[in-house]
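Some notes on the structure that comes next.
So, in structure tokens, the structure goes:
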């Protein structure tokens, strides 16, 4: 009989303890949810910079883009000429394929395939060179952008400036300030 009452006491005690613990946890949660965090710490100043927009709209980025276009314009025109030439040769082959011998067809097809493979290789090389050159140009611009962001952060006492975000409130967007600083 004594054991039964003692077990019942322990069971009730642990239930009461659990209930008190749950109550205290809920109280703490509600307290911190209702008390604003700025009462515990200083206000944090956050800014956001849209790097893509800077690389499209700033004067240094526009100048670099034009420089690259001029640099690769000749090669691009040559590739377009080769492409047109190949297309016209294919059309010519299609027209003449009905009247030429089988050996000539095979030889012309090989030549056209070789020209196509050569054109694809040149396009791939062009694209690789273009991307490498663009990355070189934009890496120097990114350095200038980062330096401008650091200057703005120091001047305006920002605690944190983000460059990538999913959603941003326009009031913390400082992209226009960075573009203005770069355009000077």
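Residue numbers (the numbering used here): 14 to 197. Heads up, the beta-carbon is just placed ideally off N, CA and C, and yes, glycines get one too. None of these values were measured; they are calculated from a predicted model.
- Residue 57: not part of any beta strand (DSSP E); DSSP gives it neither H nor E.
- Each residue's CA atom was taken as its position, placing residue 144 and residue 152 some 12 Å apart.
- Secondary structure of residue 81 (DSSP, three-state): helix.
- Of 183, 194 and 155, the smallest CA-CA separation from residue 168 is found for 194.
- Using a Cβ distance threshold of 8 Å, residue 174 and residue 180 do not count as a contacting pair.
- Residue state for residue 68 is assigned as helix, using DSSP reduced to three classes.
- For the stretch 155-186, not one full-length alpha helix (DSSP H) segment reaches 4 residues or more.
- Relative to the Cα of residue 59, the nearest Cα in the group 189, 136, 176 and 197 belongs to 176.
- Sixteen is the threshold: since fewer than 16 other Cβ atoms of the shown chains lie within 10 Å of the Cβ of residue 72, the residue is exposed.
- Exposure of residue 101 is indicated by the presence of fewer than 16 other C-beta atoms within 10 angstroms of its C-beta.
- In the structure shown, residue 197 adopts coil according to DSSP, grouped into three states.
- Under the 10 Å beta carbon count, residue 83 is surrounded by fewer than 16 other beta carbons and is classified as exposed.
- Separation of residue 129 and residue 67 (C-alpha to C-alpha, rounded to the nearest whole angstrom) is 39 Å.
- Ranked by Cα distance from residue 92, the first of 106, 104, 57 and 136 is 136.
- Within 10 angstroms of the beta-carbon of residue 112 lie fewer than 16 other beta-carbons, which makes it exposed.
- Straight through space, the alpha carbons of residue 191 and residue 160 are spaced by roughly 10 Å.
- Shown here, residue 101 sits in a helix according to DSSP, grouped into three states.
- Closest option to residue 63, judged by alpha-carbon separation, among 154, 178 and 196: 178.
- Residue state for residue 92 is assigned as helix, using DSSP reduced to three classes.
- Look at residue 113 here: in three-state DSSP terms it is coil, with no helix or strand label.
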